[in-house]
DNA sequence: ATAGGGTTAG
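In my numbering, the protein residues as written are 191 to 818.
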């Protein structure tokens, strides 16, 4: 290293002293390592991961800083198996024994990664095998155990063990372990240790202390810790307010909430949830309503919405509860339980016990998507018998969907013909959906004709009917239908796809190769088709609805607008970013298969929005589950 | 590389 230093021209040494100092202590890194370090910091994560075998093959060892960054990226974007991949690399290439704490640094980040992926046992196994451990290592596992269900005792045992190991706990450790103190005795002992090492003024430790006392029902203990504080933050306020609200002192909680606002803090979701709980306990409907106004800006917070729902139920305003429940963007078990209990508690036990109209739609829908034909029939018939709910249009529609999806198209037709209601367009379109999945053109044509009887101007149905005739090779009928469309002034809209790249929108029209990059796009398209042929792709020419030779059909398919846009996207889209495409028509089956396979072969996410729904293509599958 | 507060029912 010294000789390298000496060989540098003198003037350069003088001109750039800083870079020379670096040169003096570190030789320039191998280019592969340099690329790897950059990828570990800036991503894309998958590329960094893919480089690990190359590093190993070249006999290079990644540094602890890069590896730690990589683990962080893995927690953010990756999966547990990516994490294991990194762990295996690190273990087999000796990176855990980097000098001056480097190995410890990497090992700690791996332990933390396992914890974040919920793999507590893997974390503990790694921890056990570590040659050295510091506060961070110990704290990571203590916190993980304190947060895991039923492992609080172990967390406390680890605290004892770390001290015996000569590692003093710090504020991080104590704030974690306080959640594991489940008896007043243990809490008092822990509090005393905290006091002894002078960590009782730390805000994190304090909020945990307050929470610990309150959860054990010691309101005074919690209050004392709170009162002694000079500087408080929002979480400390939230802890004390939550403690009062949970222990049934709603008035105390609201008083503290007012003081909090006077002290210049503004409520967040946690605060509002506790305040609502206080309102619930005290039956303060009007205060609760005021809080509702502040809840609106957190429309994705399920916990907060559940608390609001419970407030309305327990304050006796079923109208508000009902309206909220219907409008909630998501509902979980707690939302449902809250609503059911609410109905029961307000003397509407009948409503609580019997599924209502909407519940039954959900039940039938679930049967339909799970292919549970028999169950679906059972519930449909039980509705009237057991629950006294008259099946309405929506329930009949669910049954058509259920039968259609299950491929029982004849049964679905029979069902429609025999039901008490007059079929409407919605039901016929549902039937069409089933035909589409199971490629039943005869029934599709029937359904389309029925739709046109009801709505002669339905463009979609007319196009569909023409296409279905083409499908059935009934070219005369197809021609007649096209003519009917032309007479009505409906023109077949050409397929168009839009893709935005680098703030510019590119439009592709089916069969149109006038884009300035068309040459390269076609080349890319051929490359993609070559790659996915290996994965089983074959052009599905049945999606071409004209009477043409196979080769011509293949060409038409190949230049569908979304394929052009996808090829353009795989050429130019940023690494790691999904390809986003918008389409004016619904995607055809061939392009759907194409997109699925490309997402797999290129390792890219493709998102296509058609006029009705989104398709998220990822590693060979689509979010629509092949039904659209 | 490690930390604290919020929802139903029983």
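Heads up, the beta-carbon is just placed ideally off N, CA and C, and yes, glycines get one too.
Within 10 Å of its beta-carbon, does residue i have 16 or more other beta-carbons around it, so buried, or fewer, so exposed?
{"i": "residue 574", "result": "exposed"}
{"i": "residue 805", "result": "buried"}
{"i": "residue 305", "result": "buried"}
{"i": "residue 303", "result": "buried"}
{"i": "residue 663", "result": "exposed"}
{"i": "residue 527", "result": "exposed"}
{"i": "residue 798", "result": "buried"}
{"i": "residue 242", "result": "buried"}
{"i": "residue 568", "result": "exposed"}
{"i": "residue 373", "result": "exposed"}
{"i": "residue 753", "result": "buried"}
{"i": "residue 463", "result": "buried"}
{"i": "residue 729", "result": "buried"}
{"i": "residue 811", "result": "exposed"}
{"i": "residue 450", "result": "buried"}
{"i": "residue 385", "result": "exposed"}
{"i": "residue 658", "result": "buried"}
{"i": "residue 486", "result": "exposed"}
{"i": "residue 388", "result": "exposed"}
{"i": "residue 370", "result": "buried"}
{"i": "residue 725", "result": "exposed"}
{"i": "residue 240", "result": "exposed"}
{"i": "residue 687", "result": "buried"}
{"i": "residue 893", "result": "Here the chain has residues from 191 to 818 only, and residue 893 is not among them."}
{"i": "residue 231", "result": "exposed"}
{"i": "residue 513", "result": "exposed"}
{"i": "residue 352", "result": "buried"}
{"i": "residue 375", "result": "exposed"}
{"i": "residue 404", "result": "buried"}
{"i": "residue 502", "result": "buried"}
{"i": "residue 629", "result": "exposed"}
{"i": "residue 344", "result": "buried"}
Which partner residues of residue i appear in the DSSP bridge assignment?
{"i": "residue 316", "result": "DSSP, once it has assigned bridges, lists no residue as partnering residue 316."}
{"i": "residue 698", "result": "687"}
{"i": "residue 733", "result": "Partner(s): none; residue 733 has no beta bridge."}
{"i": "residue 811", "result": "808"}
{"i": "residue 797", "result": "770 and 806"}
Below 8 Å on the Cβ atoms is my contact criterion, and I expect residue i with residue j to pass it. Report the Cβ-Cβ distance as a whole number of Å.
{"i": "residue 615", "j": "residue 641", "result": "5 Å"}
{"i": "residue 438", "j": "residue 471", "result": "6 Å"}
{"i": "residue 273", "j": "residue 235", "result": "In fact, because the Cβ distance is near 11 Å, the residues do not count as touching under 8 Å."}
{"i": "residue 446", "j": "residue 434", "result": "6 Å"}
{"i": "residue 698", "j": "residue 783", "result": "Rounded, the Cβ-Cβ distance is 19 Å, inconsistent with contact."}
{"i": "residue 260", "j": "residue 223", "result": "That pair is no contact at about 13 Å."}
{"i": "residue 407", "j": "residue 766", "result": "Actually they do not touch by this definition, with Cβ atoms about 50 Å apart."}
{"i": "residue 356", "j": "residue 377", "result": "Contact doesn't hold; Cβ gap of about 25 Å is too wide."}
{"i": "residue 346", "j": "residue 367", "result": "7 Å"}
{"i": "residue 660", "j": "residue 624", "result": "With 8 Å as the limit, residue 660 and residue 624 do not qualify as a contact, their Cβ atoms being about 20 Å apart."}
{"i": "residue 537", "j": "residue 554", "result": "About 29 Å separates the two Cβ atoms, so there is no contact after all."}
{"i": "residue 457", "j": "residue 482", "result": "About 13 Å separates the two Cβ atoms, so there is no contact after all."}
{"i": "residue 505", "j": "residue 473", "result": "5 Å"}
{"i": "residue 685", "j": "residue 750", "result": "6 Å"}
{"i": "residue 469", "j": "residue 440", "result": "7 Å"}
If you measure from the CB of residue i, is any heavy atom of the ligand ZN nearer than 7 Å?
{"i": "residue 730", "result": "Absent from the structure shown: the ligand ZN. Ligands present: none."}
- Message: Counting beta carbon pairs with one atom in the region 390-405 and one in the region 425-436, are three or more of them shorter than 8 Å?
- Response: Yes, since at least three Cβ pairs between the region 425-436 and the region 390-405 fall closer than 8 Å, the two stretches touch.
- Task: Inspect the CB distances between the region 294-307 and the region 777-796 and report whether three or more fall short of 8 Å.
- Result: Put simply, the region 294-307 does not touch the region 777-796. Fewer than three CB pairs are less than 8 Å apart.
- Query: Quick one: any contact between the region 582-598 and the region 614-625, if contact means 3 or more CB pairs under 8 Å?
  - Reply: The region 582-598, when compared against the region 614-625, does touch it at the 8 Å Cβ threshold.
- Task: Count the C-beta pairs between the region 751-763 and the region 606-618 that are closer than 8 Å, then say yes if the count reaches three, no if not.
- Result: Because the criterion of three Cβ pairs below 8 Å is not met, the region 751-763 and the region 606-618 do not touch.
- Task: Decide if the region 663-672 is in contact with the region 706-726; the criterion is three or more beta carbon pairs, one per stretch, under 8 Å apart.
- Result: Contact between the region 663-672 and the region 706-726 is absent: fewer than 3 CB-CB pairs across the two stretches fall below 8 Å.
- Query: Does the region 322-340 come close enough to the region 360-371 to have 3 or more Cβ pairs within less than 8 Å?
  - Reply: Contact check between the region 322-340 and the region 360-371: three or more CB pairs, one atom from each, fall below 8 Å, which counts as touching.
- Runs of alpha helix (DSSP H) lying entirely within the region 458-522, each at least 4 residues, in chain order: 459-472, 475-485, 492-504 and 508-517, all fully within the region 458-522.
- Task: Jot down the residue ranges of each uninterrupted alpha helix (DSSP H) in the region 605-677, minimum 4 residues, whole runs only, in chain order.
- Result: When DSSP assignments are scanned along the region 605-677, the uninterrupted stretches of alpha helix (DSSP H) that are 4 or more residues long and fall wholly within it turn out to be 615-628, 631-644, 649-661 and 665-677.
- Message: Quick test of the definition: if touching needs 3 or more C-beta pairs under 8 Å, does the region 480-497 touch the region 512-532?
- Response: Counting Cβ pairs under 8 Å, three or more are found: they touch.
- Message: Using 8 Å as the cut-off, can you tell me whether the region 701-718 makes contact with the region 768-778, which would need three or more C-beta pairs spanning the two stretches below that distance?
- Response: No: the two stretches stay apart, fewer than three of their Cβ pairs being nearer than 8 Å.
- With a floor of 3 residues, list each beta strand (DSSP E) that falls wholly inside the region 364-404, ordered by position along the chain. Counting only runs of 3 or more, we get nothing.
- Along the chain, which unbroken stretches of the alpha helix (DSSP H) at least 4 residues long are found entirely within the region 714-789? Taken in chain order, the unbroken stretches of alpha helix (DSSP H) that lie wholly in the region 714-789 and span 4 residues or more are 740-748 and 751-762.
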